[in-house]
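In the working numbering, the protein residues as written are 44 to 594.
Glycine included, C-beta positions come from ideal geometry on N, C-alpha and C.
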Amino acid sequence: MKLSINRNIVWCDVFTNRLAELGVKHVCISPGSRSTALTLSFTSNKAFTTYSIVDERSSAFFASADRPRKLRGSGANQTINQHNIYKNHIRLFSDVGLPDVKNLTHIRNLAEEAVRISFFENKGPVHLNFQFEKPFEPNSYTDSIESSLLEKIYAHSAFELRETYTRKINFANLANKFLGKRGLILIGFNNYGDDFGKQVIRFSEKFGFPVYADGSSSIRFGNHKKENIIENFTALVRTTDFQSKYDPEVIIQFGSAPTANVLLEFFKNSKAEKILCNEYGDLNDPSLTAKTIIRMNPENFCEAIINASPAQKETSTEWLDDWRAMNMIAEVLKSEMVEEVSFPFEGRITKEVITALPEKSNLFVSNSLPIRDMDFFASVLNKRLNVFTNRGASGIDGINSTALGVAKVSKVPTFLVVGDLAFFHDMNGLHNAVKYKIPLTVILINNSGGGIFESLPISEYRDVMKENFLTPLSINFRKFVVAYEGRYVKIKSWNHLRKELKLSPASRSLTVLEVKTDAIKSKLQRQKYWSAVAKQISQYINEIKTRRNSV
Numbered sequence: 044m045k046l047s048i049n050r051n052i053v054w055c056d057v058f059t060n061r062l063a064e065l066g067v068k069h070v071c072i073s074p075g076s077r078s079t080a081l082t083l084s085f086t087s088n089k090a091f092t093t094y095s096i097v098d099e100r101s102s103a104f105f106a107s108a109d110r111p112r113k114l115r116g117s118g119a120n121q122t123i124n125q126h127n128i129y130k131n132h133i134r135l136f137s138d139v140g141l142p143d144v145k146n147l148t149h150i151r152n153l154a155e156e157a158v159r160i161s162f163f164e165n166k167g168p169v170h171l172n173f174q175f176e177k178p179f180e181p182n183s184y185t186d187s188i189e190s191s192l193l194e195k196i197y198a199h200s201a202f203e204l205r206e207t208y209t210r211k212i213n214f215a216n217l218a219n220k221f222l223g224k225r226g227l228i229l230i231g232f233n234n235y236g237d238d239f240g241k242q243v244i245r246f247s248e249k250f251g252f253p254v255y256a257d258g259s260s261s262i263r264f265g266n267h268k269k270e271n272i273i274e275n276f277t278a279l280v281r282t283t284d285f286q287s288k289y290d291p292e293v294i295i296q297f298g299s300a301p302t303a304n305v306l307l308e309f310f311k312n313s314k315a316e317k318i319l320c321n322e323y324g325d326l327n328d329p330s331l332t333a334k335t336i337i338r339m340n341p342e343n344f345c346e347a348i349i350n351a352s353p354a355q356k357e358t359s360t361e362w363l364d365d366w367r368a369m370n371m372i373a374e375v376l377k378s379e380m381v382e383e384v385s386f387p388f389e390g391r392i393t394k395e396v397i398t399a400l401p402e403k404s405n406l407f408v409s410n411s412l413p414i415r416d417m418d419f420f421a422s423v424l425n426k427r428l429n430v431f432t433n434r435g436a437s438g439i440d441g442i443n444s445t446a447l448g449v450a451k452v453s454k455v456p457t458f459l460v461v462g463d464l465a466f467f468h469d470m471n472g473l474h475n476a477v478k479y480k481i482p483l484t485v486i487l488i489n490n491s492g493g494g495i496f497e498s499l500p501i502s503e504y505r506d507v508m509k510e511n512f513l514t515p516l517s518i519n520f521r522k523f524v525v526a527y528e529g530r531y532v533k534i535k536s537w538n539h540l541r542k543e544l545k546l547s548p549a550s551r552s553l554t555v556l557e558v559k560t561d562a563i564k565s566k567l568q569r570q571k572y573w574s575a576v577a578k579q580i581s582q583y584i585n586e587i588k589t590r591r592n593s594v
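As structure tokens, then:
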């Protein structure tokens, strides 16, 4: 028996059903006539939680709907060239083509390929550009098809995608290479868990390597041991004596490159053998000086290296001991400075936030100064925090929306630390907090726009700086927050900030805590701290040199 169908609907049903079978659960939809068939297929499938997001700039697209190829360049209304429009930022592009009931296996296989690449082989966004011709509605029939064939097409498949790793590595050789060397472990930004934290500390203890954990890596926080974590590396490396005397022989970098430019320069100028390890095999090295890239889960890599290591004879701990001692010098100076500094120093805001957050909270840190102050001033803590960032091009686009997305699918409190420009840039994203009742606490650091440029050489050219780099908004953020049915608080003191951070999760709504700061005063405070560290580190290095020479 033949059934009348709409080929657009069947095409999309086959695609969305396969996505559901493969574990896709959340779908963002922005209104548009051309995507009608996709919208109907997703919203009618109970496997998906769908979100209708009005502002397309706030919505993360994994698929887009387009006019047919024949209308491109024809002057048809709302027609642009969407062919590979995101080509510099995606792992897969497919110009899907028009629906074809004789080739439904194609769209099913494409769903599998997209999920396989996005989640396993080359993790990241994929772009599938669907094309549709009218009519779009289910009751507007375009074709007839045998009912038995339709049942077969819609049948569930038990096939599952699994992550595989096939490359062979001689871990014993690597382990022998590390033994007795002056090594350093770098951990770039990522929401790493405690399991990786425990393994990387075992690795550190085995070989005597200090561990630098980027402020946005989560490894500064959690229940693993932290004695070997050097959270103040960005302060130490500004000392000339440190750079010359503590250049490692080998550097193992897990994940992304460090945030701070001073560390990128240190990495670039180091004579160390450099090994990159991440699960995608990405070249996370702006200096292009690393010679080895290992595509492997960092936790598995640490475990494999430890298991392959020979029983180690007792060796000198001098290298690691020095790093730990210098880190403690910087930590004491930092703690004293932060405790004494007057409200509202930007670096202390970061420290107050991470101290006040409940266990297992989500902390989203925006780009520009917030991510750098997180790296400079976040100390190790024995509590788990899930740290998220939008590094990418390190821009300010979509920060509010991404934080709201994290909050929506999470069962723990979510906090966003963001500057005034990034907050303003994605203001429309706050509409989703109202529509979907998403609880989010925003710590809004308002330094009148462009504060990060105060830390760059251009800041010495005040006329050009003021006219072209600083971007004071003169916006009443309270009115915007209230318009989006949020709760607004202007923070007046450190005690006030602590109190509001403690209270805000209970509101179960959008809460914005605005702290107005002075970018120049904060810049001078950072420089004062780094100068104090440099002075004491140079003194320490000279003292131990004298002491060891006399032995």
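Here H170 is buried: its Cβ has 16 or more other Cβ atoms, across all protein chains shown, within 10 Å.
Within the model, the alpha-carbon separation for K522 versus I414 is close to 27 Å. In this structure, the straight-line span from the alpha carbon of E557 to that of V485 is close to 8 Å. Judged by beta-carbon spacing, Q579 lies within the 8 Å limit of L376, meaning their Cβ atoms are closer than that value. Taken through DSSP and simplified to helix, strand or coil, H69 comes out as strand. Only exposed fits A354, as fewer than 16 other CB atoms lie within 10 angstroms of its CB. Judged by DSSP secondary structure, S87 falls within the alpha helix (DSSP H) whose first and last residues are 79-87. For the options L227, D257, Y235, S259, the alpha carbon positioned closest to that of F246 is the one of L227.
Bounds of the beta strand (DSSP E) holding E316 are 316-321. Taken atom to atom, the span from the alpha-carbon of Y289 to that of S313 is near 10 Å. Runs of alpha helix (DSSP H) with 4 or more residues, each lying fully within the stretch 244-299, are found at 276-279, 283-288, listed in chain order. When the five nearest sequence neighbours on each side are left out, the beta carbons in the same chain lying within less than 6 Å of the beta carbon of F179 are those of N51, T79, A80, in order along the chain. Here F388 carries a coil assignment [DSSP, helix/strand/coil]. Approximately 6 Å separates the beta-carbon atoms of R281 and A577; this is inside 8 Å, confirming the contact.
The residue among A90, I133, L62, G236 with its C-alpha nearest the C-alpha of I150 is L62. DSSP assignment within the stretch 154-236 yields the following whole beta strand (DSSP E) runs of 3 residues or more, N-terminal first: 169-174, 186-189, 226-230. For N405, the uninterrupted beta strand (DSSP E) segment begins and ends at 404-408.
Along the length of the stretch 531-566, whole beta strand (DSSP E) runs at least 3 residues long occupy 553-559, reported in chain order.
Of the residues A278, K451, G492, P456, the one whose Cα lies closest to the Cα of H468 is G492. By the neighbour-count criterion, in which a residue is buried when 16 or more other Cβ atoms sit within 10 angstroms of its Cβ, D463 is buried.
Proximity of the stretch 341-355 to the stretch 526-537 falls short of the contact definition, fewer than three beta-carbon pairs being nearer than 8 Å. Under DSSP, N429 shares a beta bridge with N405. One thing to note: L428 has its Cβ within 8 Å of the Cβ of I397.
Distance from the Cα of S409 is smallest, within the candidate group F458, F252, D237, Y479, for F458. Membership of S47 in the beta strand (DSSP E) is indicated by the continuous run 45-48. Assignment of N489 by DSSP, reduced to helix, strand and coil, places it in the strand class. Taking a 10 Å sphere around the C-beta of P301, we find 16 or more other C-beta atoms and assign the residue as buried. Here S137 is bridged, per DSSP, to L171. Here the C-alpha atom of Q174 lies approximately 30 Å from the C-alpha atom of I442. Between the C-alpha atoms of V525 and L483 there is a straight-line separation of about 14 Å. In the DSSP annotation of this structure, F458 is not part of any alpha helix (DSSP H); the continuous beta strand (DSSP E) holding it starts and ends at 457-462. Within a 10 Å sphere around the beta-carbon of D364 sit fewer than 16 other beta-carbons, which makes this residue exposed. Rounded to the nearest whole angstrom, the C-alpha separation of I337 and T86 is 41 Å.
In the structure shown, S444 falls within a helical segment according to DSSP collapsed to helix, strand and coil.
Note that the C-beta distance between N165 and D138 is not below 8 Å. In this structure, A399 and K545 form a Cβ contact; the two beta carbons are roughly 6 Å apart against a cut-off of 8 Å.
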